[in-house]
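J.: Below are the structure tokens for one structure; questions will follow.
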């Protein structure tokens, strides 16, 4: 009997981890710290950045807000995800809707409460951010163009908190942000093609449903072409150290992505395209270390 209860508890914990996409949250927290250490505050001693309590609070509040966002998004998309992601949804349903709502409010409260340690402005920032995520999940997500744009903006907003904290306003950071935003927007549009079956069943008015898959592919292609611009700028106009290798590889993958996009017809093809963009985004996090290899080695040893 005890084993059964422990097994059920473990399954519920796995379900909650799946709902909040714990792997994504860990990656975002890691990316925030890497950005702080190697881009936003490269002149500060490593210990002063890692053990900065204000930075820790900002990252913790960000992860709590994002986790709450995933929960409320899962709450509203429960029926749609049953069609688009049946296996994941079956795991997610081990946690009841009431429990999800409770966790959502608790996580948001904790995020704002933690923010109060840094400043009142931080409290305002996370209050607005949590409301924006709810408004997106409840209303904006079903609006074509605006829903995609809002999701991409919300995805990069946590980095804005760290960016403002260090008050580093160099042009290269904005170019990095544009590169990431365009990738996120293209990814959101690919997800619309990937999830079209569930969106039709739940009367979502997405771009491929309203204007067709061809129109969506044209829009995604335009976004990828625009993404190539900051990629080349970061290689040739800014000092990004050995990170030029990453952007060179990203350009190759993006060209391959465009070729495969126009050959894609089924959901499995769009899943592969989604994974290509995810690979570029995730590898971009680790490639931050390439900006200055000597700096990395010096800070480690």
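Numbering (this note's numbering), first residue to last: 190 to 490. Backbone N, C-alpha and C define an ideal beta-carbon position, used for all residues, glycine too.
#1: Just to confirm before moving on: does the CB-CB distance between residue 326 and residue 418 stay below 8 Å?
#2: Exposed or buried, residue 337, counting other C-beta atoms within 10 Å across all chains shown (16 or more means buried)?
#3: Using only alpha-carbon positions, find the residue among 458, 448, 473, 349 that is nearest to residue 438.
#4: For residue 224 versus residue 361, is the C-beta distance shorter than 8 Å?
#5: May I have a chain-ordered list of the alpha helix (DSSP H) segments no shorter than 4 residues that lie completely inside the region 247-324?
#6: Please report the residue range of the alpha helix (DSSP H) in which residue 453 lies.
#7: I'd like the span of the alpha helix (DSSP H) that includes residue 388, first residue to last.
#8: Counting Cβ pairs, one atom from each stretch, are 3 or more of them under 8 Å apart for the region 365-382 and the region 310-320?
#9: To the nearest angstrom, how far is the alpha carbon of residue 424 from that of residue 288?
#10: Does residue 468 come out as helix, strand or coil in the three-state DSSP assignment?
#11: Buried or exposed: where does residue 191 fall if 16 or more other Cβ atoms within 10 Å of its Cβ makes it buried?
#12: If I measure Cβ to Cβ from residue 214 and keep anything under 7 Å in the same chain, skipping five residues before and after, which residues do I get?
#13: Please classify residue 191: does DSSP put it in a helix, a strand, or coil?
#14: With distances taken from CA atoms, which of 307, 263, 450, 430 is nearest residue 246?
#15: Taking the Cβ atom as the reference point for each residue, do residue 430 and residue 480 lie within a distance shorter than 8 Å?
#16: Take the Cβ of residue 344 as the centre, count every other Cβ of all protein chains shown within 10 Å, and call the residue buried at 16 or more, exposed below.
#17: Under 8 Å by Cβ, that's how I've got residue 227 and residue 477 pegged, so tell me the actual separation to the nearest angstrom.
#18: In angstroms with no decimal places, state the Cα-to-Cα distance between residue 383 and residue 331.
#19: Could you give the DSSP three-state label for residue 231: helix, strand or coil?
T.: Put simply:
#1: no
#2: buried
#3: 473
#4: no
#5: 267-273, 275-281, 286-307
#6: Unbroken run through residue 453: none, as it is neither H nor E.
#7: 385-390
#8: no
#9: 48 Å
#10: helix
#11: Bear in mind that the predicted position of residue 191 carries a pLDDT of just 49, short of 50, making it too unreliable to give a figure here.
#12: 252, 255, 256
#13: Because residue 191 carries a pLDDT of 49, less than 50, the predicted location of this residue cannot be relied on, and no value is offered for it.
#14: 307
#15: yes
#16: buried
#17: 5 Å
#18: 15 Å
#19: coil
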